[in-house]
């Protein structure tokens, strides 16, 4: 099927929004550490950005990072010191110049169109401002969707600071703090779409690093009327959270929309997580 004006970052948003199956390629940001103490010799973080068959392995391709955002604890924007794309992963790093919680995210928003031209199926994806010059105005069997995605992770240097939401796209507010999640305990995640509670969001939670172990089924959840789900963390480790919301309405020219959210978080043993939570309090 021909693709008009391919857009790597919007292709990422579309891929994230597709249903996750046992053989799906999962997108993720994997930081070198999620908690850094001021007494450590190095105050740098390196992040791997990839799409992979196995969580936190590198066996499919690098993730596009044109929509990369790094937000400092004080809310200001930061840039990676170095960013390079390889075959199986994109790697970037930055220096932790402020104490508190940093958020790194790849954020995309745009349109996807499908239609028939001369009896053949066509499709296009890209930013909304390119739609009119890329898609025929009177296209046959035209279907236009609005797609948005957010792939993020969190790193705390010293004492945690409050999580920041942008009010755009699908986001999750963690309780407790995303860098103070504890094995054996339950967390509340509140999902918001464009700053409002998002009911009916389908959520998957899966522990990574199981390629040489019995593959555990993902935890399947759905948000309540307040956008909330409860997640019980069974064991320490790195976890992948994926959420998708399909909408029957959208801003013209789109007639429907899909918003997706992915996060990588670390669940810590109770002793270390309790200490982190005390710093947060």
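Numbering (my numbering), first residue to last: -17 to 263.
Every residue, glycine too, gets a C-beta built ideally from N, C-alpha and C.
For residue i, the three-state DSSP class (helix, strand or coil)
i           : result
residue 112 : helix
residue 61  : coil
residue 99  : strand
residue 107 : strand
residue 252 : helix
residue 231 : coil
residue 70  : coil
residue 216 : coil
residue 48  : coil
Residue i classed as buried or exposed, judged by whether at least 16 other C-beta atoms fall within 10 angstroms
i           : result
residue 103 : exposed
residue 149 : exposed
residue 153 : buried
residue 90  : buried
residue 37  : buried
residue 207 : exposed
residue 142 : buried
residue 115 : exposed
residue 119 : exposed
residue 253 : exposed
residue 170 : exposed
residue 182 : exposed
residue 230 : exposed
residue 108 : buried
Cutoff 6 angstroms; reference residue i; Cβ partners in own chain excluding five residues on either side
i           : result
residue 189 : 219 and 221
residue 214 : 168
residue 204 : 184
residue 217 : 165
residue 125 : 96
residue 117 : 95 and 106
residue 66  : 73
residue 82  : 55 and 143
For residue j and residue i, believed in contact at Cβ under 8 angstroms, the rounded distance
i           : j           : result
residue 68  : residue 44  : 6 angstroms
residue 75  : residue 26  : 6 angstroms
residue 264 : residue 249 : Outside the displayed span of the chain (-17 to 263) sits residue 264, for which this structure offers no information.
residue 173 : residue 225 : 6 angstroms
Own chain, CB closer than 8 angstroms to residue i, minus 5 neighbours either side, in chain order
i          : result
residue 80 : 54, 55, 56 and 139
residue 29 : 11, 12, 13, 14, 73, 74, 75, 86 and 135
residue 41 : 34, 35 and 70
C-beta contact flag for residue i and residue j at 8 angstroms
i           : j           : result
residue 46  : residue 71  : no
residue 52  : residue 84  : yes
residue 128 : residue 175 : no
residue 147 : residue 180 : no
residue 244 : residue 133 : yes
residue 211 : residue 200 : no
residue 113 : residue 235 : yes
Residues of its chain near residue i, where Cβ-Cβ distance is below 7 angstroms and the 5 sequence neighbours each way are ignored
i           : result
residue 64  : 74 and 75
residue 123 : 97 and 98
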